[in-house]
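Chains as they are written, first to last, in UniProt numbering: chain S, 1 to 221; chain U, 1 to 221. Each residue gets a CB set at the ideal place from its N, CA and C atoms; glycine is no exception.
Protein chains: 2
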Amino acid sequence: MTVERRTTRRRDALSKERIVEAAIDVLDTDGDRGQVFRALTVRLSTGVGAIYHHVANKNDLLAAAADAVIAPVMSDATTDGEPEETIRAIALGIFDSIDAHPWVGAQLSRDPRQPAVLHIWEGIGGQLNALGITGAARSDAGAALVNYVLGSAAQHAAGPGQAPRAADRSAALATLATEWEQLDPAEYPMVRDEAARLGAHDDRAQFLAGVDIFLAGIRTL
Amino acid sequence: MTVERRTTRRRDALSKERIVEAAIDVLDTDGDRGQVFRALTVRLSTGVGAIYHHVANKNDLLAAAADAVIAPVMSDATTDGEPEETIRAIALGIFDSIDAHPWVGAQLSRDPRQPAVLHIWEGIGGQLNALGITGAARSDAGAALVNYVLGSAAQHAAGPGQAPRAADRSAALATLATEWEQLDPAEYPMVRDEAARLGAHDDRAQFLAGVDIFLAGIRTL
DNA sequence: ACCTGAACACCGTTCAAGT
DNA sequence: ACCTGAACACCGTTCAAGT
């Protein structure tokens, strides 16, 4: 059925969209430390130069890939319901994206001016507006929430509990708990105390608890 | 006067402390992208292998260097005054360190288990304790504040306004404002709105405003 | 035990040559 | 205009040989 197309051009033309799409796959599989460009030439059966014809450099590629992940999440989460509820949905949407694509967590911290971060700003700023917060107060509240979300994202992406299988995850947490229990109680009393709670630890629930703390603080503005 | 020492050993022995100290200088000057190890061999007049004898790898070196910057800030800021005031002092101390050593901003996001991050946890957790917050509530509140601080740190370190001279800084902000004013108003209404405020923007004050929003949220727990 | 530095490995980027 | 892929550049890491 696709014979016509197949004879007119043997393969889809390269485009930034196709490259970004392939890059997301590669990054999900190998992480951002792997040989991203080399893997792309294989997957797209092309040369490196062709990729550089559509993309300025690795930074540009990662920024575009992160935005391709984040932008749709933002528009999906942004509904016309309760602003606070929408903010929670936005935050959870970002959290879940980073859980699925850990490299996005690190990427968002790399440059505050990249499209993905601006889209997050837009989403959160719009809801603060809807809450009647404007001017400098909105700047401050927006920065607080955005920075909290990005900080949590980076820490979550870099943390243990990122192991693909649940068994590896709980094993990693157990190892960490043992490590922390052996720390000097004089220097690290709090961390040792946390070790006891690691087993029942739920990053996602804790992330949401943090969003609620900020929302409560914003209500006092 | 130091003749005796000079003749017994021609140069101080290498140690992790000396390497870390030199690394902080190198990182401050060249950033973490520069050829850190090569610069270290020059500064310490030694070979790369000697450095690897005291340090496992670049990650280990950066983690140790970040902790050498952060740990003293934490113990200086931690006094027995008002817990909320101490939390502000801790947060500002971290902010100012990252302002002085931008590479620390990125490093703290790289691994939640590194000593510098654990020290931050200790400092903040201790003050939350003093506020009477314990158990799971302290975990949640602590995670929220630590993640906010680390997120702000990373964004600040990666942002403009990091130019050494004030003139470069305001030039960078002006360029950014112009860029943002040209964004599509339909896609980026909030960011365009922020552009107008960029001139008077003070990252440090906004960071502190975020800490205060968080503290207000904590009071409602 | 500690140091030396050449060699290696890794991966992003360039560039001359092709269609 | 777009693609090809070998060559280059950069920088962390290893390792055989020294003291």
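- At least one CB atom of chain S sits nearer than 9 Å to the CB of U/I218.
- Taking 9 Å as the threshold, the shortest C-beta distance from S/R33 to chain U does not fall below it.
- In this structure, DSSP gives U/Q182 a state outside helix and strand, which the three-state scheme calls coil.
- The three-state secondary structure of S/R33, taken from DSSP, is coil.
- About 6 Å separates the beta carbon of S/L128 from that of S/A141, a gap short enough to meet the 8 Å contact definition.
- For U/Y188, the chain S residues whose Cβ falls inside 7 Å of its Cβ are L118, E122, in order along the chain.
- Look at U/E122 here: in three-state DSSP terms it is helix.
- In the DSSP assignment, U/Q162 falls outside any alpha helix (DSSP H) and carries neither an H nor an E.
- Non-local C-beta neighbours of S/L183 in its own chain, meaning closer than 7 Å and more than five positions away in sequence, comprise V191, R192, ordered along the chain.
- At a beta-carbon threshold of 8 Å, the residues of chain S lying near U/D140 are Q206, A209, G210, I213, ordered along the chain.
- Look at U/V191: its C-beta is under 9 Å from a C-beta on chain S.
- Taking a beta-carbon distance threshold of 9 Å, U/S170 does not count as an interface residue toward chain S.
- The beta carbons of S/I90 and S/G123 sit about 5 Å from each other, so the pair counts as a contact at 8 Å.
- Not flagged as an interface residue toward chain S: U/V55, since no C-beta distance is shorter than 9 Å.
- Among the CB atoms of chain S, one or more fall inside 9 Å of the CB of U/Q155.
- Under the 9 Å criterion on CB atoms, U/Y52 is classed as non-interfacial with respect to chain S.
- Counting only Cβ-Cβ distances below 7 Å, U/S97 has no contacts in chain S at all, with the closest Cβ about 16 Å away.
- Between the beta-carbon of S/P160 and that of S/L176 there is about 6 Å, and that keeps the pair under the 8 Å contact cut.
- Under the DSSP assignment, S/G217 falls in the alpha helix (DSSP H) whose first and last residues are 203-219.
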